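Participant: In the UniProt record's numbering, the protein residues as written are 1 to 637.
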């Protein structure tokens, strides 16, 4: 059934919300609309080049790709035209009426209503085509996809309110014309000088020529007159192919905004030409803010692949490992074939070399920041770690070749500091280790407060031994691949039988043996009482204030990891923990002389230990009853 000549359709709910927020929040930076629309036009040309590699007929006898910008003072319109891939009717409805971007839900949940803060968030999210509504109260799009007949063009039009119209038109030339009907008060943009200055400021790096009609001064009319001749406004050469000496920092920043669709500036970038076994150019950026879809490991990468300056694909995930999925930029190979496919990329030796070289380059950038003595560089690394640290940790398990380099970049919270800021490296820790200390100690928990207040830390505080506080969800997984650093074994303070080695003197060890002998009968009695809950019960000297704590066997999953696996719906072993009791605590000492309520008191000690490590009681009501009975008995009631 043929589509109706003109049809009115509603915007996706998220589009309506974004339009309202964007128009108000980004109004102070209105000129970015031109950058966004030119960027889209450039992408359309890149896509045509790529599809035409295998189907040259798509060029339709018009192989010279370009972007044209024009304006009409009388009609108060600005038009951005390209002869790129174009859109069909279905394309227009899909691309201009909906937002199909991962992280959309999270993006909207973070909006606060504060225009300044929301502007920064909207910048991260990217607005593309919709930025035109910042200056226009109506937008008309006329387009035809390359390869379709002239009578299958489409006109899309909207006022940016709740709906849009689409209708079929005749369009002899492929590509897209976007006409902005300016709002009242936006006539400043109806100026050749104004438009050219915006193009040179934001879009000079675009490799396509951006053309406008030439103007010259007419002495008789005392005004500028428009000529039929076109002139190129930008440099129209691939920025990454230029010499670094010919590129300004501002141009690097604007190119980043183009490839990433981010409104903010990048944190750092690197631009290199690599020669040797494989020849390629890389221009790679690390953003200053994490994108909303950072945790989507199935998301395509942020690297655009070119071959001899011809665009191939804009999501070449094979060129960067998954744990570096936040990296944006361009890689231009001189060796790959122009008809390269994803399958070829997966098997290509040249791609493997590029991937390895680019990974090392990114890690090198991070090392320069992390190891710098300059405060500005240190601050940049702190920013990077806050935004992307958890993702970098994935590299410990995924990139064996660079595991040691990545380990040196890791940062953690620590008992050395009084905040949850993760700024302690393994090297920092090792440099502060006490004489005779052989292990790097750590504790894992779901929150910083739970880690900081863990009873397992008590003996370490008493002896002044630093412990790393690990609270990221990825930490438990990461530690399964990282057993030591610089020859120092990583040791959980909540696993196994605590052995401080040389940090304990012979007198302490002898006292411990004597105490264990004194409490031998109590421990055996508790083992019987808690047989259904605890794998074992033993005296501990890791506690100084708490009466008891739970520990796991050396090679078992930690209680924290078991809880996370179950919360994620995954199978986890139901192994019983070990209960360790503090012989110096009054409750444990009282237990030696308790007969009638021995089982209740033993269960209370176990349940308290379980709660202290963030666990869930299997019988909360039973715990409350026992605790109340104990309190009443101690009060003489």
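Ideal placement from N, C-alpha and C gives every residue a C-beta, glycine not left out. Since this is a predicted model, take the numbers as computed values, not measurements.
(1) For residue 481, which residues of its own chain have a beta-carbon under 8 Å away from its beta-carbon, when the five flanking residues on both sides are left out?
(2) Do you know offhand how far residue 515's Cα is from residue 496's?
(3) So who's on the other strand from residue 255, going by DSSP bridges?
(4) Out of curiosity, what's the CA-to-CA distance linking residue 550 and residue 446?
(5) Contact check, residue 558 vs residue 444 under 8 Å by CB: the rounded distance?
(6) Would DSSP call residue 435 helix, strand or coil?
(7) Please classify residue 156 as buried or exposed, where buried requires at least 16 neighbouring CB atoms within 10 angstroms.
(8) What three-state label does DSSP hand residue 538 in the structure shown?
(9) Between 211, 78, 199 and 292, which has its C-alpha nearest residue 64's C-alpha?
(10) Using only alpha-carbon positions, find the residue among 262, 334, 389 and 548 that is nearest to residue 478.
(11) Sort out for me which residues DSSP pairs residue 552 with in a bridge.
(12) Is it true that the CB of residue 458 sits closer than 8 Å to the CB of residue 538?
(13) Going by other Cβ atoms of all chains shown within 10 Å of its Cβ, with 16 needed for buried, is residue 145 buried or exposed?
(14) Report, in whole angstroms, the separation of the C-beta atoms of residue 338 and residue 53, which I expect to be a contact under 8 Å.
(15) Exposed or buried, residue 256, counting other C-beta atoms within 10 Å across all chains shown (16 or more means buried)?
(16) Per DSSP, what kind of secondary structure is residue 146 in: helix, strand or coil?
(17) Return helix, strand or coil for residue 168, following the three-state DSSP convention.
(18) Excluding the five sequence neighbours on either side, which residues of its own chain have a C-beta within less than 7 Å of the C-beta of residue 335, listed in chain order?
(19) Cα-Cα, which of 217, 130, 365 and 234 is closest to residue 227?
(20) Between which residues of its own chain and residue 322 is the CB-CB distance below 8 Å, once the five residues before and five after are set aside?
(21) What separation, rounded to the nearest whole angstrom, lies between the Cα atoms of residue 364 and residue 302?
(22) If you draw a straight line from the C-alpha of residue 634 to the C-alpha of residue 594, how long is it?
(23) Within the same chain, show all residues whose beta-carbon is closer than 8 Å to that of residue 359, passing over the 5 residues directly before and after it, in chain order.
(24) Could you tell me which uninterrupted alpha helix (DSSP H) segments, each at least 4 residues in length, are contained entirely in the stretch 571 to 637, listed from first to last along the chain?
(25) Kindly indicate the opening and closing residues of the alpha helix (DSSP H) around residue 523.
(26) Taking a contact to mean a Cβ-Cβ separation below 8 Å, would you say residue 290 touches residue 455 in this structure?
(27) In whole angstroms, what separates the C-alpha of residue 34 from that of residue 191?
(28) Residue 67 and residue 208 look like a contact to me (Cβ under 8 Å); what is the Cβ gap, rounded to whole Å?
(29) Alpha carbon to alpha carbon, how far is residue 236 from residue 282? Give it in angstroms, no decimals.
Facilitator: Answer, in terms of the structure:
(1) 396, 397 and 403
(2) 19 Å
(3) BP columns for residue 255 are empty, so no partner.
(4) 16 Å
(5) 6 Å
(6) coil
(7) buried
(8) strand
(9) 211
(10) 389
(11) 495
(12) no
(13) buried
(14) 5 Å
(15) buried
(16) coil
(17) strand
(18) 278, 279 and 350
(19) 217
(20) 297, 394 and 398
(21) 19 Å
(22) 12 Å
(23) 320, 321, 324, 399 and 402
(24) 586 to 591, 598 to 612 and 620 to 634
(25) 520 to 529
(26) no
(27) 13 Å
(28) 6 Å
(29) 19 Å
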